[in-house]
Amino acid sequence: MTTTAVTTKIGIRDVRKVFQVRDAGEPFVALDGVDLDVREGEFLALVGPSGCGKSTLLDLVAGLTAPTAGEIVIDGTPVTGPGLDRGIVFQQYALFPWRTAQANVEFGLEAKAVPRRERRERARHHLDLVGLTGFEERYPHELSGGMRQRVAIARSLAFDPDVLLMDEPFAALDAQTRESLQEELLRIWDKTGKTIIFITHGIDEAVYLGQRVAVMTSRPGTIKEVVEVAFDSRAGDLRADPVFGEYRHHVWTLLRDEVAAAQVLERKAATSRG
Amino acid sequence: MTTTAVTTKIGIRDVRKVFQVRDAGEPFVALDGVDLDVREGEFLALVGPSGCGKSTLLDLVAGLTAPTAGEIVIDGTPVTGPGLDRGIVFQQYALFPWRTAQANVEFGLEAKAVPRRERRERARHHLDLVGLTGFEERYPHELSGGMRQRVAIARSLAFDPDVLLMDEPFAALDAQTRESLQEELLRIWDKTGKTIIFITHGIDEAVYLGQRVAVMTSRPGTIKEVVEVAFDSRAGDLRADPVFGEYRHHVWTLLRDEVAAAQVLERKAATSRG
Amino acid sequence: GSAAGAAKPGEAEVKELRYQGNAGSVTYPELAEDLGYLGDIKLKWVGNTTSGPQDIQSAATGQTDFGGAFNGAIIKLKAAKAPIKAVIGYYGSDQRSFNGYYVTDDSPIKTARDLIGRKIGVNTLGAHHEAVIKEYLKRAGLTPEEIRQVQLVVIPPVNTEQALRQGQLDVGTLGGVLKDKALQRGGLRPLFTDVDLFGPFTAGSVVLREDFIARNPTTTRTFVQAFAKAVDWAQTHPREEVVARFQKIIAKRGRDEDATTVAFWKSTGIAGKGGVIADKEFQTWIDWLAREGEIEPGRLKPADLYTNAFNPYANGSGS
Amino acid sequence: MADRRSAPATGTALSEREPLELPTGLDRHVAPVAAPAYQPSVRTSRPSALARRTRRLASRAVTKSGAILLLLAAWEVLPRVGVFDRVFVPPLSEDLVVWYGLLLDGPLPEHLQASLIRSLSGFGLAIALAIPLGLLIGWYRPVADALTPLLEVFRNTSPVALLPVFTLILGIGETSKITFVLYACSWPILLNTVSGVKTVEPLLIKSARSMGLGPVRLFQKVILPAAVPAIFTGVRLAGAYSILVLLFAEMVGAKAGLGYLILDTQSSFRIPEMYAGIITISALGLLFNLLLLRIERRFSTWRTT
Amino acid sequence: MADRRSAPATGTALSEREPLELPTGLDRHVAPVAAPAYQPSVRTSRPSALARRTRRLASRAVTKSGAILLLLAAWEVLPRVGVFDRVFVPPLSEDLVVWYGLLLDGPLPEHLQASLIRSLSGFGLAIALAIPLGLLIGWYRPVADALTPLLEVFRNTSPVALLPVFTLILGIGETSKITFVLYACSWPILLNTVSGVKTVEPLLIKSARSMGLGPVRLFQKVILPAAVPAIFTGVRLAGAYSILVLLFAEMVGAKAGLGYLILDTQSSFRIPEMYAGIITISALGLLFNLLLLRIERRFSTWRTT
Ligand SMILES: Nc1ncnc2c1ncn2[C@@H]1O[C@H](COP(=O)(O)OP(=O)(O)OP(=O)(O)O)[C@@H](O)[C@H]1O
Ligand SMILES: Nc1ncnc2c1ncn2[C@@H]1O[C@H](COP(=O)(O)OP(=O)(O)OP(=O)(O)O)[C@@H](O)[C@H]1O
Ligand SMILES: [Mg+2]
Ligand SMILES: [Mg+2]
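Line by line, the protein sequences give chains A, B, C, D and E.
Take 919 as the starting number for the first sequence in my numbering and just add one per residue.
Take 919 as the starting number for the second sequence in my numbering and just add one per residue.
Take -4 as the starting number for the third sequence in my numbering and just add one per residue.
Take 3 as the starting number for the fourth sequence in my numbering and just add one per residue.
Take 3 as the starting number for the fifth sequence in my numbering and just add one per residue.
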């Protein structure tokens, strides 16, 4: 079971993911040779240009799709499907339209066979956490975009998995709500020791939240560099820390090069076609 | 036609929007007494806490729903439905799943009866603009979240309306792609003199793009303050300008107060219910 | 306004008669045509019929120009105020062609009284078979209350034999080929037959619309005459010759039908010479229907229902 | 500021108008998930609004029943003026008089009861069989592979052609009649369920699976609710068929029932009674449909407000 | 680094396995919109993969035809061993011999042609009428208000009960037969179209309307494509009915046709020929269904891979 180092929670081993796009002759390589170890209890931020394969990677870790080649292990066991140990917040919320906010949050708890009373309590608590008290009985279509996203966040938190996989969870939130949820998430992480993979487009957010920031290259996606983010202390306004700015800049530079590379690729494609 | 001042493009006059939430006794007031004039050719950024009614307001301007009270006029004529003069980018992309990226962009042009050849050209051009060359023949479900959003942006730009209504169009994009699209949008705006209402959660983005930034209060949504953003010159790196920081802070403060107020409201609701 | 086929006043009489045939068998007008009795009248086949009631309804509504059915059905149609008149009989029961009501050899049913509470299969309700059974029960002296306890069950003729053998029915009604084939297989015995009960009798007649008769008296006369002569021909010629003729006609008309059942033809079953109708052939069923409460007693007399006026064999016989 | 001043007046003007024509129609009808564009209830305090609403309701009632009334009128008048043959299409009023007679002291209640038992049993069984089967077929490839061909063969084989086989195997009692109804009702439910399952938003399935839902739970909590609208379309079709096929189910070995009544009266030329039977069957079907619509609405409150 | 070294080996191990059971099943079958979890085609260069694939296809073919073969075997054997009466249910082989005879030099082709013309005309007309009507009803409240009650009345009135009225009004020629097929086929198409229109994602409608699409365009470009899956379910149901109701359509005044053949042979006790007719009708239905499935697949390429 523990042939790998004890600190490795999620091992992503030379993973390749290929999509066959209908009639298109050659298959589309979304991920190639992705190698990444996420440590037990780590908060890993994942950044990369749009379309580089971040969501695809998360699906693989969640066990929702199988890699074309390579392997993903959790706690030393290869992933063969989804499990109660992993919770996921999808980029597109994925709420059940026929369930109220409350019932959506309770959904995962039903799967875990949490007793009804406790389910209700936990759902209420987590909806409150994301600032949706008073909206428990609303159906998704009666909520704003940001509210829906918050319901999805509340659902994953209430589900209380070992590993939390979050795909741009705060993208639709205003700055203040986002900040308070960042705090909340860090608090929960601190308290429970969850392992978190957190996809984001906010470099600030990545540096602020992540113990490490993994930067991906574009097409085919692979890990370009993993930046260790080490502050002397997390107390005080981290964002004001000059070290923060440095990290920020470093990640930004890595990403810019990638996006530039991607654009060159596109221009080429465009010109080669006429 | 021009009883109002010539500079007013969109007049939002004391608008109120109420939703009846099923069995809930009292109706839910989403917007109340919203008053706002958008000038001809103006780039107006709209910010506000999540769930304050920004999308609702955009729907009203688009003519997709009717206000409960109040009135919206465009060029002095009351809005009675959607029109070819307004284009909208929805918060949730709203791509047609049975159409490829290319065909999705062409969609609006078909409505405008643009000839087939030109349609194809324009769609290609705008997909290239948002960095999606090579993905023209992909169906939405074969694209990443950010890519879908870019298709939606390309569609609205290709549609080339007088008034562009954009609901967090860059929310799912990485920092670099976002920046380059911001530039692109500003360039187009500059060139064509469109009137743009741009909803965003990025305060930086709002201050950077908007000539004015309208800040909304939460529940019921109304305009709290409209901040004029005036730089001596837009040349150079605006974000580095110290004035930029000031505006940023001002808007941030306005918003924080609002979010705090909203949270107080919620706590009250929570305690009053036990 | 349904007399679509009738000639308008002042116009020449209708010379082409539309009718529905019977798959695998030859009707008398067809025989008459083949024998050359029809003269200037042409027949126009519009399809095959599924049942007597449907056939006479088509005639009554002007979809066709003539149709035939069990006399009881004709009475009912007339009672419903349809303007029709029976002009000639076309089928019936005699010692060679009859319907039997069969039980299995080991059945405890021996008399009419044993039928109380039992199930009898009939092809359709309210028609020939039901009428015969009710008459049988009445003549056997059962009270109306007892008669009500005899259950009639609708079952397609094809399924009758099998249902009887499987015990789903206590009595099965069989006639024609089905009867012959079932009896060949053995194990069945008749409880009674209609010919035992009534003696030879004509059971069904061909009807014309009254307005058709009024507007086309010559055509009507020619038609009924030819019909009657064809019946007479079949009544008087040897069975083999009739069957051969039928087979020839079937082959000639090219309707892609199966001619094997014709080989089982035994007789016309028509009691009156040339299809002449007798009063009692309607009166029996009028009485039955009145008993059943389906028609008001005394409202219909046989004379309202049929006429032998066009039948050349009518002199002296019948009413 | 002049603009702002004029706002209340203009606002009233707009709210006095009917709601925007196209958007409202859409939001209310086609796109029930979207927020109603317009909330008249907010303004019920104004008497004029109330009056207008009443008027609108009344006019809708007229539109709703207009076509029906026309049909009924035609049925009454056309036979009387001789366009239809009165013998075979008696005026509606005559049929209704007969119907009333049959209902009060005739055999109609008995027929109705016999038919209802058959219809409801067959229909109930069809639901109980076809929905789970449809879910399974839509869901599990192996089940679909194994069963689809066989089911397609049966679906394309007329139950009426098989009637002899039916009676052969099941006898001529109630079993074969109920089976017959079951057989006819199953197909629309089955097909619609399969199609409902196949068009469930994949993201929702992904989401549920990510929360560790097993296949059974996934069925129950995601696939089923998401497929409800499609399933109900099938159920409503089946509801109508369960009544309509009585005519065949009661063709063999029936002693009572509406189908039997119709067949019997038809072959006996008791035309008004036949129409009384047809009217009863239609009314029954309508009632049934109404009931199913009610239930459907209950199942999808989240859509229809 | 030890981890990385071992990766290729483990990778091979995984790719040697069958794809993850549940996810693959789902992605491929229920949720065709999702990316296929697993792409065997990428690895066809390896012979073992190819062999495995062939084996899998073969085993699927067996599952697919298993149930059918069982049915056919039962049909052949049960009459022979006496479970069924051979006279009433002749063994399949006998029926097939008769069928072959009818086909080669018998009247089957003629019957087939007559029936096909009726079925296809009625079915085609039903599509041409019911889809637009369904779209209108699903879309325009006023149309729905005006027509729904009337249509519900007709939907709940058996065409068979109305057969006399049909022939009365339309005569006993082809018109009434085709109308009969049309009548029976319309309901599933209509109901499914209405329900398809009503469940179109409202955001898509909003989006299209924001681009200024008029009602007609909206129909054509949004509502119709979005409702296609639901409509096709109705069309497939109707396809089967168009063949099945031949039995009734050809009950009155028919001179040829498969329904006529079945009724005729049944009443004259030519049992094997009757089964030949039933087999032909079923085969026709199956073929028709296959064709419709093909067309459906063409209409929804965006879904199915
Ligand atoms: N089902 C599919 N078929 C074909 N290609 C696909 C499919 N799903 C994803 N892709 C492609 O794989 C690549 C990676 O997609 P993915 O969604 O993982 O990107 P991402 O990093 O999450 O991007 P974003 O930040 O925009 O969400 C994209 O180029 C996308 O077009
Ligand atoms: N159909 C509806 N029924 C009931 N309430 C609704 C409906 N649509 C929106 N609301 C409510 O109206 C308020 C405003 O929603 P809106 O979508 O305009 O917010 P928003 O400002 O766009 O928020 P976000 O930034 O999160 O997208 C929210 O509280 C929402 O719950
Ligand atoms: Mg993504
Ligand atoms: Mg919004």
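The beta-carbon is built from N, C-alpha and C at its ideal position, and this holds for glycine as well.
Contact under 7 Å by Cβ, residue i with residue j
i: A:P1000; j: A:A980; result: yes
i: C:D50; j: C:G62; result: yes
i: E:L248; j: E:L260; result: yes
i: A:L949; j: A:G1139; result: yes
i: E:A251; j: E:N194; result: no
i: C:R91; j: C:K268; result: no
i: D:F271; j: C:A75; result: yes
i: B:V1023; j: B:H1044; result: yes
i: C:G199; j: C:V226; result: no
i: A:L1172; j: A:V1125; result: no
i: E:S244; j: E:G124; result: yes
i: A:A1012; j: A:R1056; result: no
i: B:Q1009; j: B:D1078; result: no
i: A:T986; j: A:K935; result: yes
Status (buried if at least 16 other CB within 10 Å, exposed otherwise) for residue i
i: A:R1066; result: buried
i: E:P134; result: exposed
i: C:I69; result: buried
i: E:Y262; result: buried
i: B:G971; result: buried
i: C:P139; result: exposed
i: A:A1031; result: exposed
i: C:Y97; result: buried
i: E:H113; result: buried
i: C:P103; result: exposed
i: B:K1109; result: exposed
Backbone CA spacing between residue i and residue j [nearest angstrom]
i: D:F182; j: E:I139; result: 32 Å
i: E:L105; j: C:R240; result: 28 Å
i: A:R1166; j: A:I1121; result: 6 Å
i: D:T159; j: E:I280; result: 7 Å
i: D:V32; j: E:L226; result: Low local confidence applies: a pLDDT of 34 at D:V32 is under 50, so the model's placement there is unreliable, with the coordinate-based value given in what follows. In a straight line, the C-alpha of D:V32 is about 13 Å away from that of E:L226.
i: E:L71; j: D:A128; result: 25 Å
i: B:V929; j: B:L1127; result: The displayed chain sequence assigns Gly, not Val, to residue 929 of chain B. Roughly 21 Å separates the two Cα atoms.
i: C:Q15; j: D:F156; result: 33 Å
i: E:F290; j: E:T65; result: 22 Å
i: B:S1074; j: E:A210; result: 11 Å
DSSP bridge partner residues for residue i (one or two, in chain order)
i: B:H955; result: Looking at the sequence provided, one finds Asp at residue 955 of chain B rather than His. According to DSSP, which records beta bridges pairwise, B:D955 is partnered with B:G929.
i: B:G999; result: In DSSP, B:G999 forms no bridge with anything.
i: B:V1131; result: B:A963, B:V1145
i: C:Y14; result: C:W40
i: B:A987; result: B:R934
Presumed contact (8 Å Cβ cut-off) between residue i and residue j, rounded CB distance
i: A:L1002; j: D:G214; result: 4 Å
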